[in-house]
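Listed in order, the protein sequences are those of chains W and F. When we follow our numbering, the leftmost residue of the first sequence carries the number 28, and every step to the right adds one. When we follow our numbering, the leftmost residue of the second sequence carries the number 167, and every step to the right adds one. Take a look at the structure set out below.
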Amino acid sequence: MTTSPAVQFRKITKSFGPVEVLHGVSFDIGAAEIHALIGENGAGKSTLMKILGGYQPQTSGEIVLEGQPVTLRSSRDAEARGVVLIHQEFNLADDLSVAQNIFLGRELGGALLNDAEMNRQAADALGRLDVQLDPRVRVRDLSVPQKQLVEIAKALARHARVLVMDEPTATLTTRETDVLFALIRKLRGDGVTILYISHKLDEVGVLADRVTVLRDGAVVFSGPAAGKTPHDLANLMVGRELEEMFPDKGRPSETEALHVEGLEVPGWAHDISFTLHAGEVLGFAGLVGAGRTELFEGLLGLRRHTVGQVRVAGRPIRIDSPGRAANAGVVYLSEDRKGKGLLVDFGLRPNLTLMTLEEYARPLLDIGAETRALETAVQTYGIRSGRLDVPASALSGGNQQKLALARILEVDPDVIVLDEPTRGVDVGAKREIYLLIQALAESGKGIIVISSELTELLGLCQRLLVVREGRIVGDLVGGELTERDVIQYATGLKAKAPALEVASR
Amino acid sequence: MTEHSAETSGTARPPLLSRLGSLGPLLGLLSLMIVATALNSDFLTVSNLSNVLTRASFIGIIAVGATFVIISGGIDLSVGSMAALIAGSMILVMNALGAGGGGAGVIAIGMLCALAIGAGAGLLHGTFIARGRIEPFIVTLGTLGIYRAVLTYLSEGGSISLNNTLSDAYSPVYYGKVLGVPFPIIVFAVVALIGGLILNRTRYGRYVQAIGSNEGVARYAAVDVNRVKVITYMIQGVCVALATLLYVPRLGSASPSTGILWELEAIAAVIIGGTALKGGSGRIWGTVVGAILLLSIENVLNLTSIISVYLNAAVQGVVIIVVAFLQRGKRS
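Laid out in structure tokens, this is it:
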């Protein structure tokens with residue numbers, strides 16, 4: 028060892044209030060290596076990354092950059108030391124030009140800006156990436172992969188020596204991903220260290236030199252990526268054989284639970300038709316931005332939409348608001364728990380009963396009955412909280428999610444749409460949620476699961492519909508339920524038979 | 167399922183301290199009363215306190231309505247000019263009906279008119295805000311100008327006076343007492359009690375809080391957000407009308423300067439009472455205390471000569487900013 032590692036994490040812990048999310052994380056990232064950081068949602072990847080990027084301080088422990096222990100007080104501080112983080116949601120001002128974005132916050136020139144010099148240097152930075160892009164173009168007019176390249180150029184212009192990339196391929200097609208990988212390898216050749224965070228396990232083997240697996244806020248593996256199959260990594264991430272993680276799939280009945288025909292959500296979903304049976308767990312797969320969430324928000328009346336016909340349990344109904352939907356027995360759990368799922372400042376009791384308050388109005392609200400309902404729900408769904416009179420924000424992610432689930436189940440629905448039901452949830456709670464979904468299906472409810480975790484969809488669902496650019500492009504059952512098939516449909520390599528015919532002509 | 171049962175047991179809050187914090191407005195009022203009594207012993211007389219409370223009743227009733235609007239995440243800046251318009255309109259209606267004498271019936275019709283105008287104005291605000299998706303600040307800033315201009319037009323720049331016979335018949339509404347308690351104070355107490363009951367013990371009140379806490383969550387939880395919001399502005403309008411119809415006999419007239427700065431006092435009372443300006447949580451009793459506190463300040467300025475009473479609005483302005491400063495950071 029002639030050089031010290033680019034980054035060393037030493038016993039990093041992080042607590043949010045009473046909840047510790049990182050428990051003494053230690054591992055090294057070698058200089059000029061591509062290091063993959065993987066783990067399930069809620070494993071602590073993004074928290075660790077934010078600590079390295081200077082966005083949040085660690086509770087205890089130490090970060091060592093090139094042998095020097097450092098304290099990163101802000102993202103500016105981290106950038107000054109050559110650590111630059113590229114967020115999944117780009118950090119670009121859409122109305123400024125490429126060059127203006129690259130120099131945002133450290134513009135060249137005195138009293139007047141030196142635009143010519145900034146454009147020249149921006150062109151240089153883009154040139155280093157072999158990218159042909161006019162630095163005077165407005166960022167708004169760029170495509171997603173181009174924006175990503177601007178982010179990388181921006182990082183390089185800040186003399187990044189450690190580049191942290193958060194799921195850079197989440198919104199890219201296969202071809203665009205290949206281009207990005209070539210670029211990442213080129214950066215490694217130039218001596219840049221890359222910490223690469225991803226959900227896609229097959230990418231790890233292709234790209235990374237070394238890999239670190241986080242599970243529930245602790246390192247469970249850190250070592251060479253060579254020789255680790257996606258299956259090995261998946262098992263490391265969940266901490267048990269994948270097969271044990273998911274309960275046995277039941278059999279759907281022949282009874283129709285929900286039938287949708289010709290649903291249109293302008294800008295998001297087109298000509299969507301499908302049938303869900305009682306007792307079925309039906310998955311909706313697709314890339315981020317494919318329109319799955321918007322499709323169901325439209326169906327529930329949360330977005331402008333038109334629809335040919337909707338039948339719930341065989342009866343045609345019109346759904347124009349979530350209230351109508353709930354009355355018809357259709358409920359939806361949002362993927363955005365803090366924004367649309369739970370009132371985090373509210374107590375557990377009003378959160379639980381928000382959709383079923385009429386049951387407690389006599390006409391004044393019967394707080395005692397509400398409290399009894401909460402006690403029952405806490406037992407039924409295994410919501411763990413030291414006290415019941417705390418705000419929802421005091422619960423861990425998994426328990427918050429169980430509470431959100433409990434609320435929609437209070438309605439006693441027949442059709443349950445779950446959007447990312449295990450986002451930001453630890454492995455233990457995840458399994459409990461899977462068991463709950465299975466139990467609900469067995470009791471004859473129809474369940475739709477939207478998830479960006481393929482393992483979850485493949486483990487839970489008897490049937491998968493793949494959505495691409497707002498249309499259902501694949502309908503997979505039985506032996507077709509493989510990661511490979513789903514990805515091919517989701518990225519457009521494969522399409523439903525009729526579309527394929529057109530393409531071959 | 168029991169393996170992590172102690173997971174969040176470390177969250178026991180210090181109940182004493184947090185309870186003391188929520189008593190802030192009451193402690194503020196008590197200390198003000200002690201200081202006021204020390205400065206001028208006339209403060210703590212029955213007649214003075216009754217005077218303070220009667221005057222606090224007008225702002226207090228309006229502020230109860232404002233509590234609903236603010237908890238739901240909205241604001242109504244128009245209450246002062248709405249009060250002026252309601253006062254002028256009801257006087258015009260009563261004068262027209264009661265030209266040949268008139269009595270209780272005419273006054274009752276006038277009161278109904280007042281309530282209808284208040285509810286109608288609230289409906290208008292709520293509809294523009296909830297269904298038209300315009301910022302509440304803008305809508306009510308606009309109507310603030312409109313209402314006062316309409317009154318100025320109706321009064322031709324002067325004042326609209328209630329005729330004398332009606333004025334005599336109407337005066338018990340303000341000057342009357344039940345068991346020695348002035349009538350406005352009784353109405354205030356009843357409005358506050360009903361308001362508190364609606365806010366804390368009905369579905370509607372729960373929905374108001376939920377919307378203020380996070381509108382998205384409420385919408386996704388099947389709450390009819392638009393309807394709930396419209397009703398908060400209607401409650402506000404009805405409260406303004408109630409306060410106004412109590413106030414008319416005292417003044418006997420309405421002019422373009424009626425109700426000026428009432429929005430400042432009403433919103434200040436709500437904020438001093440501990441309701442978060444960004445919505446979500448609040449309490450009626452706090453608003454009641456806030457209104458009494460504000461009027462006590464004015465009273466103290468009147469009774470003592472430390473600060474000129476002409477600076478009353480300035481003192482109120484300082485108080486609201488200081489309280490908002492103290493509230494800052496209570497919610498992340």
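All C-beta atoms, glycine included, are put in the ideal place defined by N, C-alpha and C.
Test: residue i CB closer than 8 Å to a CB of chain W
i	result
Ala358 of chain F	no
Val455 of chain F	no
Arg297 of chain F	no
Asp390 of chain F	yes
Arg372 of chain F	yes
Thr398 of chain F	no
Gly446 of chain F	yes
Thr368 of chain F	yes
For residue j and residue i, the rounded distance between their alpha carbons
i	j	result
Thr302 of chain W	Gln515 of chain W	23 Å
Pro525 of chain W	Ile299 of chain W	In this prediction, Pro525 of chain W has a pLDDT of 46, which is less than 50 and means its spatial position is unreliable; what the coordinates show is noted afterwards. Their Cα atoms are separated by approximately 16 Å.
Leu20 of chain W	Leu381 of chain W	A question about residue 20 of chain W goes unanswered here, because the residues of chain W that appear run from 28 up to 532.
Ala150 of chain W	Glu134 of chain W	15 Å
Ile435 of chain W	Val358 of chain W	6 Å
Arg475 of chain W	Gly254 of chain F	Contrary to the premise, residue 475 of chain W reads as Ile rather than Arg in this sequence. Each residue's alpha carbon lies about 60 Å from the other.
Val334 of chain W	Lys77 of chain W	43 Å
Val21 of chain W	Leu445 of chain W	Any question about residue 21 of chain W goes unanswered here, given that chain W covers just 28 to 532.
Leu123 of chain W	Ile241 of chain F	35 Å
Ala499 of chain F	Val481 of chain F	Here chain F has residues from 167 to 498 only, and residue 499 of chain F is not among them.
Val316 of chain F	Val466 of chain F	35 Å
Asp208 of chain F	Gly361 of chain F	33 Å
Leu487 of chain W	Gly318 of chain W	21 Å
Val339 of chain W	Leu520 of chain W	34 Å
Leu365 of chain F	Val34 of chain W	54 Å
Gly297 of chain F	Ile377 of chain F	In the sequence as displayed, the identity of residue 297 of chain F is Arg instead of Gly. C-alpha separation (whole angstroms): 15 Å.
Lys255 of chain W	Asp236 of chain W	11 Å
Thr403 of chain W	Ala433 of chain W	10 Å
Pro293 of chain W	Asp347 of chain W	15 Å
Chain-ordered chain B contacts of residue i [CB-CB under 9 Å]
i	result
Arg434 of chain W	Note that chain B does not occur in the displayed structure, where the protein chains are W and F.
Cβ-based burial, residue i [other Cβ within 10 Å; buried from 16]
i	result
Ser479 of chain W	buried
Thr449 of chain W	buried
His332 of chain W	buried
Pro422 of chain F	buried
Ala120 of chain W	exposed
Phe130 of chain W	buried
Asn380 of chain F	buried
Asn330 of chain F	exposed
Tyr386 of chain F	buried
Arg202 of chain W	exposed
Leu360 of chain W	buried
Asn146 of chain W	buried
Cβ of residue i within 8 Å of any chain F Cβ
i	result
Ala388 of chain W	yes
Glu400 of chain W	The amino acid occupying residue 400 of chain W in the given sequence is Ala; Glu does not appear at that position. Ala400 of chain W does not count as touching chain F.
Ser225 of chain W	no
Leu463 of chain W	no
Ala353 of chain W	yes
Phe117 of chain W	no
Leu503 of chain W	no
Phe373 of chain W	yes
Leu322 of chain W	no
Leu430 of chain W	no
Pro257 of chain W	no
Same chain, Cβ closer than 6 Å to residue i, five either side skipped, listed in chain order
i	result
Pro377 of chain W	none
Asp502 of chain W	Leu492
Distance cut-off 7 Å: residue i Cβ against heavy atoms of the ligand SAM
i	result
Arg165 of chain W	Only the bare structure without any ligand can be found here, which leaves the ligand SAM out of the picture.
Close beta carbons around residue i, own chain, < 7 Å, minus the five adjacent residues each side
i	result
Val454 of chain W	Glu67, Arg242, Asp243, Val265 and Gly266
Sequence-distant residues of its chain with Cβ nearer than 8 Å to residue i (five each side left out)
i	result
Ile506 of chain F	Residue 506 of chain F lies beyond the residue range present for chain F, which begins at 167 and ends at 498; the question has no answer from this structure.
His226 of chain W	Ile65, Glu194, Ala197, Ser479 and Glu480
Pro440 of chain W	Ala353, Gly356, Val357, Val358 and Lys472
Sequence ranges, alpha helix (DSSP H) only - wholly within the region 44-102 of chain W, length at least 4: Listed in chain order, the complete alpha helix (DSSP H) runs (minimum 4 residues) inside the region 44-102 of chain W are 72-79.
Can you give, in chain order, each stretch of the alpha helix (DSSP H) that sits fully within the region 298-361 of chain F and has at least 4 residues? 302-320, 330-336 and 338-341
List in chain order: all unbroken beta strand (DSSP E) runs of 3+ residues lying wholly within the region 230-294 of chain W. 237-242, 245-251 and 283-292
Contiguous alpha helix (DSSP H) assignments of at least 4 residues, all confined to the region 161-217 of chain W: 171-184 and 201-216
Completely contained alpha helix (DSSP H) runs for the region 241-273 of chain F, where each covers 4 or more residues: 245-263
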